[in-house]
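Read the sequence shown against our numbering and you will find it ends at 798, with the numbers running on by one and no gaps.
Cβ atoms here follow ideal geometry from the backbone N, Cα and C, with glycine treated the same way.
This report refers to the structure that appears directly beneath it.
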Amino acid sequence: MPRNRPLVVVGDTLLDTDVEGQANRLAPDAPAPVLDVSEEHNRPGGAGLAATLAGAFPRDATEHPEIVLVTALGRSRSDQTVRDLLSSRVRLLELPLRGSVPVKTRLCARGRPLLRVDRGGGTVGPVTDEVRAALAGAHTVLVSDYGRGVAARLRAELAVLAGHTQVVWDPHPRGEPPVPGVRLVTPNAAEAMALCSEEHPETGGDSDGLHGHGRRGAALAAEWRSAAVAVTLGRRGAVLARPGDEAPLYFPPSQEAEGDPCGAGDCFAATAARALADGALPEEATHEAVRQSGAFVAAGGVRNPALWGGVPSSPPTVPQVTRTDDARALAASVRARGGTVVATGGCFDLLHAGHVGMLQNARRTGDCLIVCLNSDTSVRRLKGEGRPITPEADRVSVLAGLDCVDAIAVFDENTPERLLRELRPHVWVKGGDYGTERLPEAATLEEWGGRVLLLPYLDGRSTTVLARRAAGHHGTAASGLEQSP
């Protein structure tokens, strides 16, 4: 994104308040829990949260675009609270609001919402010349429509803008339909169903399958004349559809994200807008938005202190148990509760059925399985030029995708003795036709009373066989390959 052209967020800002406490008793006059309040937190919601997220995690601080928020604010104490929360995060351009900013208050017991109280709201005033100028100079526009009037007030300007500027539209059933020409629309599954069921009865109903979500996305894209619609599915990821699509793209989540999902939709839309502004295609933007919204929830969502305590220097990332520190912590935790730590190791250059069977069986012998993985440098030193066939990052990704693998630690040496002394597993598993005398790790395991366990591969499966088959029994790629993982 050119540094002199901002990302403009347009929409309804709310004030979100969480009242935290404990509920350990019922009121004497009604069967209702009594919340003993311990603390209260305010944060911007709606378009204010989307703008905060759009600017909070730049990929490169030197290319951090200016974030401009166009929203409606009044003169109440709640409106001033919103101004104070946003003043250091975005450039705020206000439309007049007759009334007050909507306030959504959640009463939470030990982090779980018990009740939400909504109040406030008003009528949005006329568009200012300053707002028109900001929209005209925008590189990308994100419309965060919560049905409170800002998108409706700016509809004429947005309709002109969509003809020559990238627009991402996060809709609401009570809000405005996207203007024609929008690059990407991001309804969630419930919103897409509500918006689609009347106009397109054949795609409505209660179907919750991926194909049903895709049909609704394609129908809405055609109706709205938008380039694409990404229907967000919460912990299931998202589907991306274009007008007339029979087979939409499905983007599964890259992790199981447990936590408060409040704000995940705003994170998805903000991330997609940032990605498009950085030159991504809608498919790439959707993939990144699924990844980041999952990481957002896993990191605590709107309750994450890093989001409000300062601007992090890098994007939130999807947690991965792939580094030595993670593996060491896991091993210590399992040992502390009396469990059995199992480890195995190798190159795992071409992961085959023999590897998978061995890893599954290894996991069954204890309470966690840590894979000690040879780095690219280590594999090349051991196997020669042309190895590894699969680079380290891909090998880590494939192994991490197996349910039986709990953590991965990469090592650079020829053998993992140093790493094993850090992990101190109870069991060291090796697969294939090894004998104990051929395992240099055996002596290391004896230092703390660990033992070596040999598990066979399935017959006929080996890296050698796979590589030779792929090379058609010719070339150098398969030469000198061993059966070791």
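Report task. May I ask you to report which of helix, strand or coil DSSP gives CYS758? Result -> Locating residue 758 in the sequence shown gives position 445, counting from the first residue. Residue 758 is actually Leu in this sequence, not Cys. Three-state result, LEU758: helix.
Report task. Kindly provide the ranges of any beta strand (DSSP E) runs that are 3 or more residues long and lie completely inside the stretch 440-491, ordered along the chain. Result -> 453-457 and 479-483
Query raised in the report: Does the beta-carbon distance from ALA367 to ALA583 come in below 7 Å?
Result: Start at 1 with the first residue of the sequence shown, and residue 367 comes out as number 54. Start at 1 with the first residue of the sequence shown, and residue 583 comes out as number 270. Cβ atoms of ALA367 and ALA583: closer than 7 Å.
**Report entry** Cβ of ALA532 within 7 Å of any chain C Cβ
**Finding:** This model lacks chain C altogether, as it is built from one protein chain only.
Query raised in the report: Mind checking whether LEU408 and GLY450 have CB atoms under 7 Å apart?
Result: Position 95 of the sequence shown, counted from the start, is the residue given in the question as residue 408. Position 137 of the sequence shown, counted from the start, is the residue given in the question as residue 450. No, they are not a contact pair.
Report task. Let me know if ASP325 comes out buried or exposed under the rule of 16 or more other beta-carbons within 10 Å of its beta-carbon. Result -> Counting from 1 along the sequence shown, the entry for residue 325 is found at position 12. Buried, because 16 or more other Cβ atoms sit within 10 Å of the Cβ of ASP325.
Report task. Put VAL765 into one of helix, strand or coil per three-state DSSP. Result -> By one-based count along the sequence shown, residue 765 stands at place 452. Note: VAL765 maps to strand in three-state DSSP.
Query - For CYS575, the three-state DSSP class (helix, strand or coil) - result: Taking the sequence shown and counting its residues from 1, the one referred to as residue 575 is at position 262. Note: CYS575 maps to coil in three-state DSSP.
**Report entry** Burial state of ASN727 (16 or more Cβ within 10 Å)
**Finding:** Taking the sequence shown and counting its residues from 1, one reaches residue 727 at position 414. Label assigned to ASN727: exposed.
Requested in this report: Specify, as a first and last residue, the run of the alpha helix (DSSP H) that ARG734 falls within.
Outcome: The residue labelled residue 734 in the question sits at position 421 within the sequence shown. That run of the alpha helix (DSSP H) goes 730-736.
Query raised in the report: Using a Cβ-Cβ cut-off of 7 Å (strictly less than) and excluding sequence neighbours within five positions of ARG620, which residues of its own chain qualify?
Result: Translated into the one-based positions of the sequence shown, residue 620 becomes position 307. Per the sequence presented here, residue 620 reads as Leu, with Arg not at that position. Around LEU620: ALA369.
Requested in this report: Kindly examine the ligand NAP and report whether one of its heavy atoms sits closer than 6 Å to the Cβ of GLU407.
Outcome: This structure lacks the ligand NAP; in fact it carries no ligand of any kind.
Query raised in the report: Pairing CB atoms from the stretch 758-767 with CB atoms from the stretch 687-696, are three or more of them under 8 Å?
Result: no
Query - Cβ separation of CYS681 and GLY658, assumed to be a contact under 8 Å, to the nearest whole Å - result: Taking the first residue of the sequence shown as position 1, residue 681 is located at position 368. Taking the first residue of the sequence shown as position 1, residue 658 is located at position 345. Not a contact, Cβ separation roughly 15 Å.
Requested in this report: Could you name each continuous alpha helix (DSSP H) segment of 4 residues or more that falls completely within the stretch 396-445, going from the start of the chain to the end?
Outcome: none
Query raised in the report: In terms of DSSP beta bridges, what is ASP349 paired with?
Result: Locating residue 349 in the sequence shown gives position 36, counting from the first residue. According to DSSP, which records beta bridges pairwise, ASP349 is partnered with GLN335.
Query raised in the report: According to DSSP, what are the bridge partners of TRP741?
Result: One-based indexing of the sequence shown puts residue 741 at position 428. Its beta-bridge partners are ALA656 and VAL765.
Query raised in the report: Nearest CA to the CA of VAL430: which residue from GLY424, LEU420 and THR436?
Result: As a working note, residue 430 is residue 117 in the sequence shown. That would be LEU420, whose Cα lies nearest to the Cα of VAL430.
Requested in this report: With a threshold of 16 other CB atoms inside 10 Å of the CB of HIS477, please say whether the residue is buried or exposed.
Outcome: Within the sequence shown, the letter at position 164 stands for residue 477. Per the 10 Å Cβ criterion, exposed.
Requested in this report: Would you mind working out which of VAL654, ALA640 and LYS743 sits nearest ALA713, comparing C-alpha positions?
Outcome: Stepping through the sequence shown from its first residue, residue 713 is reached at position 400. Here the closest residue by C-alpha is ALA640.
Query raised in the report: Considering only C-alpha positions, which residue in the set PRO490, ALA507, LEU523 and ARG650 is nearest to ARG538?
Result: Locating residue 538 in the sequence shown gives position 225, counting from the first residue. For ARG538, the nearest C-alpha among the options comes from PRO490.
Query raised in the report: If ALA586 and PRO556 are in contact, beta carbons under 8 Å, what's the gap, nearest whole angstrom?
Result: Here residue 586 refers to the residue found at position 273 of the sequence shown. Here residue 556 refers to the residue found at position 243 of the sequence shown. With 8 Å as the limit, ALA586 and PRO556 do not qualify as a contact, their Cβ atoms being about 21 Å apart.
Query raised in the report: So who's on the other strand from THR330, going by DSSP bridges?
Result: The sequence position of residue 330 within the sequence shown is 17, counting from 1. THR330 is bridged to ASN355 and THR418.
Query raised in the report: According to DSSP, is LEU752 helix, strand or coil?
Result: For the purposes of this step, residue 752 is taken as residue 439 along the sequence shown, with counting starting at 1. Correct three-state label for LEU752: coil.
Query raised in the report: Using the C-alpha atoms, what's the distance from ALA363 back to VAL332?
Result: As a position in the sequence shown, residue 332 is number 19, starting the count at 1. As a position in the sequence shown, residue 363 is number 50, starting the count at 1. Straight-line Cα distance between these residues: approximately 22 Å.
Query raised in the report: From LEU546 to ASP483, what distance separates their C-alpha atoms?
Result: Here residue 546 refers to the residue found at position 233 of the sequence shown. Here residue 483 refers to the residue found at position 170 of the sequence shown. When rounded, the distance between both Cα atoms is 14 Å.
Report task. For VAL444, I'd like the list of residues in its chain whose CB is within less than 7 Å of its CB, leaving aside the five on either flank, ordered along the chain. Result -> Reading the sequence shown from its first residue, position 131 is the one you call residue 444. Cβ neighbours of VAL444 beyond the five flanking positions: VAL383, LEU406 and LEU408.
**Report entry** Between the CA atoms of THR757 and GLU698 - distance to the nearest angstrom
**Finding:** Locating residue 698 in the sequence shown gives position 385, where the first residue counts as 1. Locating residue 757 in the sequence shown gives position 444, where the first residue counts as 1. When rounded, the distance between both Cα atoms is 29 Å.
Query raised in the report: Among the residues of its own chain, which have a CB less than 8 Å from the CB of PRO319, if the five just before and after it don't count?
Result: Counting from 1 along the sequence shown, the entry for residue 319 is found at position 6. Hits under 8 Å: PRO378, GLU379, ILE380, VAL381, ARG404, ALA447, GLY450, ALA451 and HIS452.
Query raised in the report: What are the boundary residues of the beta strand (DSSP E) that includes VAL552?
Result: As a position in the sequence shown, residue 552 is number 239, starting the count at 1. Unbroken beta strand (DSSP E) run through VAL552: 551-554.
**Report entry** At least three beta-carbon pairs within less than 8 Å, the stretch 645-662 to the stretch 734-746
**Finding:** yes
Requested in this report: Would you kindly check if the distance between the Cβ of GLY592 and the Cβ of ALA554 is under 7 Å?
Outcome: Start at 1 with the first residue of the sequence shown, and residue 554 comes out as number 241. Start at 1 with the first residue of the sequence shown, and residue 592 comes out as number 279. No, the pair does not count as a contact, with Cβ atoms beyond the cut-off.
Requested in this report: Report the option in VAL669, ALA645, LEU663 and GLY613 whose CA atom is closest to the CA atom of ASP716.
Outcome: What you label residue 716 is simply residue 403 of the sequence shown in a count that begins at 1. Minimum Cα distance to ASP716 is reached at VAL669.
Report task. Using three-state DSSP, classify GLY613 as helix, strand or coil. Result -> One-based indexing of the sequence shown puts residue 613 at position 300. Three-state result, GLY613: coil.
Query raised in the report: Distance, Cα to Cα, THR599 vs PHE609?
Result: As a first step, residue 599 must be located in the sequence shown, where it is residue number 286. As a first step, residue 609 must be located in the sequence shown, where it is residue number 296. The alpha-carbon atoms of THR599 and PHE609 are separated by roughly 15 Å.
**Report entry** From ALA464, GLU730 and VAL740, residue whose alpha carbon lies closest to that of PRO486
**Finding:** Position 173 of the sequence shown holds residue 486. When each option's Cα is compared against that of PRO486, the closest is ALA464.
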